[in-house]
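In this note's numbering, the protein residues as written are 1 to 179. Ideal Cβ positions, reconstructed from N, Cα and C, are used throughout, including at glycine. Below is one structure, written out as structure tokens, with a few remarks after it.
Following this line, the structure appears as structure tokens:
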């Protein structure tokens, strides 16, 4: 839910079976204003594959049952570490980044950017009040993305292969003093 819908830990903890609407196209999950940092009720779109997995997971639950058994907030770090260990994933990667619970929101925003989602759409999906929060703190540029951006630029040198650069001796150099 954090990786694919951008939900915060407290929001995931608050979800009940009735928070999900699988019959909609696309399926949605409702985060109530009382459980949301922005203090507004939000209906968030779910990926079909995620919705199918959650629907199957919740099939025997009552509508008011909690959707996910989450420990007390102070125990989330231990839960994540145990889950990562079970999956064979290191808690800290080679770049020194921790795979804590909140990092799933960072991954969600970064994946939106990598998928070419417009920044204002990413902001809305992350439910940030400011685009700066989404872009500056939650979207992480990968070196590969920087290389792809440069590769996407038009190669001006190739466009004019037989031209020699000209030097304009009449132009004042930036180091020359005026007057």
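* For the putative contact between residue 113 and residue 46, defined by C-beta atoms under 8 Å, what is the C-beta separation to the nearest angstrom? -> Translated into the one-based positions of the chain shown, residue 113 becomes position 113. Translated into the one-based positions of the chain shown, residue 46 becomes position 46. No, residue 113 and residue 46 are not in contact; Cβ-Cβ is about 20 Å, not under 8 Å.
* Determine the DSSP secondary structure at residue 97, reduced to helix, strand or coil. => Working through the chain shown from its first residue, we reach residue 97 at position 97. Of the three classes helix, strand and coil, the one that applies to residue 97 here is coil, per DSSP.
* **Residue closest to residue 111, alpha-carbon to alpha-carbon, out of 142, 58, 155** => Here residue 111 corresponds to residue number 111 of the chain shown, with the count starting at 1. Residue 111 has its Cα closest to that of 142, out of 142, 58, 155.
* **Length of the line joining the Cα atoms of residue 51 and residue 19** => On the chain shown, position 51 is the one that residue 51 refers to. On the chain shown, position 19 is the one that residue 19 refers to. C-alpha separation (whole angstroms): 12 Å.
* Asked: Leaving out the 5 sequence neighbours to the left and right, which residues in its chain are closer than 6 Å to residue 7 when beta-carbon positions are compared?
  -> Here residue 7 is taken as the residue at index 7 of the chain shown, counted from 1. Closer than 6 Å at the Cβ level, and outside the excluded window around residue 7, lie 1.
* Touching or not, the stretch 12-32 and the stretch 52-63, by the rule of three or more beta carbon pairs under 8 Å? -> yes
* Looking at C-alpha atoms only, which residue of 147, 115, 146, 126 is the closest neighbour of residue 11? -> In the chain shown, residue 11 corresponds to position 11, counting from 1. Nearest of 147, 115, 146, 126 to residue 11, Cα basis: 126.
* Asked: Helix, strand or coil for residue 132 per DSSP?
  -> As a first step, residue 132 must be located in the chain shown, where it is residue number 132. Residue state, collapsed to three classes: helix.
* Asked: So what's residue 20 in DSSP terms, helix, strand or just coil?
  -> In the chain shown, the residue the question calls residue 20 occupies position 20. In the structure shown, residue 20 sits in a strand (DSSP, three-state: E or B).
* Beta carbon of residue 123, beta carbon of residue 134: below 7 Å? -> Residue mapping note: residue 123 aligns to position 123 of the chain shown, counting from 1. Residue mapping note: residue 134 aligns to position 134 of the chain shown, counting from 1. Result yes, Cβ atoms of residue 123 and residue 134 sit closer than 7 Å.
* Output the distance between the C-alpha atoms of residue 101 and residue 9, rounded to the nearest integer angstrom. => Taking the first residue of the chain shown as 1, we reach residue 101 at position 101. Taking the first residue of the chain shown as 1, we reach residue 9 at position 9. Near 7 Å, if we compare the C-alpha coordinates of residue 9 and residue 101.
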